[in-house]
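If you're matching positions, the sequence shown starts at 2 in the numbering used here and goes up one per residue.
Quick notes on the structure that follows.
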Amino acid sequence: MEELKHIVEPLVQWYHENKRDLPWRQTKDPYRIWVSEIMLQQTRVEAVKPYYERFLQTLPTVKDLAEADEETILKLWEGLGYYSRVRNMQKAAIQVMEEHGGCFPADQKGLLKLKGIGPYTAGAVGSIAFSLPIPAVDGNVLRVMSRITADAADISLQATKKEWEERLTEIMPTDCPGDMNQALMELGATVCLPNGAPKCGICPMRKYCEAYRKNQTMLYPVKAEKKARTLEYLNVFFCVDGNKIAIGKRPKKGLLSGLWELPNGKRDMAPPAILQEMGILQAELIPMKNQKHIFTHVEWHMDCYFVKVSKKIDSDLLWLTKEEAEASFALPSAFKKIWQEGIERMGHD
Numbered sequence: 002m003e004e005l006k007h008i009v010e011p012l013v014q015w016y017h018e019n020k021r022d023l024p025w026r027q028t029k030d031p032y033r034i035w036v037s038e039i040m041l042q043q044t045r046v047e048a049v050k051p052y053y054e055r056f057l058q059t060l061p062t063v064k065d066l067a068e069a070d071e072e073t074i075l076k077l078w079e080g081l082g083y084y085s086r087v088r089n090m091q092k093a094a095i096q097v098m099e100e101h102g103g104c105f106p107a108d109q110k111g112l113l114k115l116k117g118i119g120p121y122t123a124g125a126v127g128s129i130a131f132s133l134p135i136p137a138v139d140g141n142v143l144r145v146m147s148r149i150t151a152d153a154a155d156i157s158l159q160a161t162k163k164e165w166e167e168r169l170t171e172i173m174p175t176d177c178p179g180d181m182n183q184a185l186m187e188l189g190a191t192v193c194l195p196n197g198a199p200k201c202g203i204c205p206m207r208k209y210c211e212a213y214r215k216n217q218t219m220l221y222p223v224k225a226e227k228k229a230r231t232l233e234y235l236n237v238f239f240c241v242d243g244n245k246i247a248i249g250k251r252p253k254k255g256l257l258s259g260l261w262e263l264p265n266g267k268r269d270m271a272p273p274a275i276l277q278e279m280g281i282l283q284a285e286l287i288p289m290k291n292q293k294h295i296f297t298h299v300e301w302h303m304d305c306y307f308v309k310v311s312k313k314i315d316s317d318l319l320w321l322t323k324e325e326a327e328a329s330f331a332l333p334s335a336f337k338k339i340w341q342e343g344i345e346r347m348g349h350d
């Protein structure tokens, strides 16, 4: 591993001189660092900033998160997607309160026992908040290291990630492990880019980089092709009765589990039949713009309808004004454009 030790000093120095000014870099508080790391999974930095500020204004301590009701945390997370992240955060917060007296465990083993925290998050929180010399290996880091070493191992494999965790542990500086981890992440996010030419001309690792030396940066990292997404075809309804709009709750298991949604059903069933099953017996259906939403493994194609309800019976649907719904109920991004168009149509009617 000696051959990689020489990258540490120039990389950390580059980070000190070039790092972006981000709100979660102004703190050593493990709670705040953890909140940022969970939010940043699958989400761009610029998109996270307002969520981070709002979340911490509402829930400034781990105790506040542990004691919050679910609708509050889901509303704070609305639009970030992957809602299991915030549910797991609350479970972890409860663990911190009940098992650790309200203080985050300051060791890797303790961090890994918290719900939703894997090796990457434990490495990030542990190294930044507690100066533990452990790596935080994500996609950015795997891309950077596979290019520096011209490593052809498939980075989508768990074994490759584990190997890089071991290799980076051996070169992790004991005086600034958090800076080393953040330097690798920052390099991957701003210089050693995916899906296009990396900015080798300004890279501090250029003279150590095997892929650059061989003029093969575009060959790395090696990653197996993803499986094609499953296509699902839905009818989605923006149902209006006076000034009230219907929303329903998704099943407790599966995609978007337990979240609020616009009423919908599979496209192989006629729209009026779907509505009848939901207690809407008579209504006028007006077609809206079709929509598409892409999840990690599933792609929804949605035929959308504005539904003027004239007769309904009690059902599981919740009927709310626009103000009530938007103030307290989190609606997943898949339904946002339909919601906006529906609200506009209500204004014109």
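All C-beta atoms in this analysis are idealised placements derived from N, C-alpha and C, irrespective of residue type, glycine included.
Candidates the options, of which the one nearest residue i by Cα
i	options	result
K227	V126, V299, H7	V299
M347	P24, N216, H17, V241	V241
K337	K313, V310, H294	H294
P24	V49, H17, Y234, L5	V49
G117	E327, G140, E100, N89	N89
A151	L5, P31, T28, E71	L5
P222	N244, G80, C210	C210
W165	R55, R148, I74	R148
Y83	L112, M40, D70	M40
G102	K64, P288, S85, A198	K64
L60	V87, V46, M289	V87
L276	C305, F296, K253	C305
Strand pairing of residue i, partner residues [DSSP]
i	result
A284	V310
F239	F307
L319	I248
Q292	M303
Y234	H302
V223	D155
W15	Paired residues: none, contrary to the question.
E262	G249
Continuous alpha helix (DSSP H) stretch holding residue i: start and end
i	result
N265	Unbroken run through N265 is the beta strand (DSSP E), 265–267; no alpha helix (DSSP H).
A229	Here A229 belongs to no alpha helix (DSSP H), and DSSP marks it neither H nor E.
K337	337–349
I172	159–172
V49	46–59
N216	Counting along the chain, N216 falls outside any alpha helix (DSSP H), and DSSP gives it neither H nor E.
G111	109–113
R88	85–101
Q277	272–278
R207	From DSSP, R207 is part of no alpha helix (DSSP H); its letter is neither H nor E.
R144	140–150
R21	It is not in any alpha helix (DSSP H) - R21 carries neither H nor E in the DSSP assignment.
T191	178–191
Cβ-Cβ distance between residue i and residue j below 7 Å
i	j	result
A130	L115	no
V310	A284	yes
L81	T44	yes
A154	E38	no
Q91	L66	yes
G343	F307	yes
L169	I156	no
L282	K312	yes
A335	L75	no
Cβ-based neighbour list, residue i, same chain, cut-off 8 Å, excluding 5 preceding and 5 following
i	result
T231	H298, V299, E300
R251	L257, S258, G259, L260, W261, E262
L12	M181, A184, L185, L188, P205, M206
Own chain residues within Cβ distance below 7 Å of residue i, not counting five before or after
i	result
M279	P264, S316, L318
Q109	A123, G127, L133, I135
V145	L185, L188, G189, C193
K200	V192, L194
M173	P134, I135, P136, M181
Contacts around residue i, its chain only, beta-carbon distance under 6 Å, and the 5 residues preceding and following it disregarded
i	result
M303	L235, V237, Q292
G247	According to the sequence as given, residue 247 is Ala; it is not Gly. Cβ neighbours of A247 beyond the five flanking positions: C240, P264, L318, W320.
Q96	L115
E324	none
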